[in-house]
Amino acid sequence: MQLRFLLLAALVGTCLASAGHGVKHLTDADFAEQTGDGKVYFIKFFAPWCGHCKRLAPTWDQLADSFKDSEQVVIASVDCTEQKDVCTAAEIRGYPTLKVFHSGAEVDSYRGTRDLSALKSYITDKAKTQLELTTA
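If you count by mature numbering (1 follows the signal peptide of the UniProt record, and there is no 0), then the sequence shown holds residues -17 to -1, 1 to 119, one letter each, in order.
Below you can see the structure in the form of structure tokens.
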């Protein structure tokens, strides 16, 4: 009985630890290099204490998990309470702010609904457009 409990606890811990691993956490030190790599970055600028950010977090993790194997799209986040230089440069005025970056430059700010299907559709279309512009 005790062995089954330990195995179950280990399985649950593994599942919880792997949730949300598709989100790339960007910092002041690596933001320019990362977003300049030719991929399209959909970035959530947030503050950990923000209620709207907390509500968006599970959906953002699901979005990241759905793009974790993509070679073109990266779902990322920036904690503005710790990465102040990036957030100042990106002119973040409220939380969460969702922006798209490509080739190191801001492309667009997302202002739509924050459900998974809307976010997926938006970044898929935005990435297609940005990548077509790059290869044209």
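Note that beta-carbon positions come from the ideal geometry of N, C-alpha and C, so glycine has one too.
Exclusion of the five residues before and after K109 leaves V23, F25, V83, V90 and D91 as the residues of its chain whose Cβ lies within less than 8 Å of its Cβ.
Checking the DSSP bridge columns, you'll see L99 has no partner listed. In the assembly as shown, T117 is an exposed residue. Its beta-carbon has fewer than 16 other beta-carbons within 10 Å. Boundaries of the beta strand (DSSP E) around K27: V23 to F29. Under the DSSP assignment, V69 falls in the alpha helix (DSSP H) whose first and last residues are K67 to A72. Rounded to the nearest angstrom, the gap between the Cα atoms of G77 and A59 is 17 Å. DSSP places S60 in the strand class (E or B) of the three-state scheme. Looking at the backbone, the Cα of Y93 and that of D68 are separated by about 21 Å.
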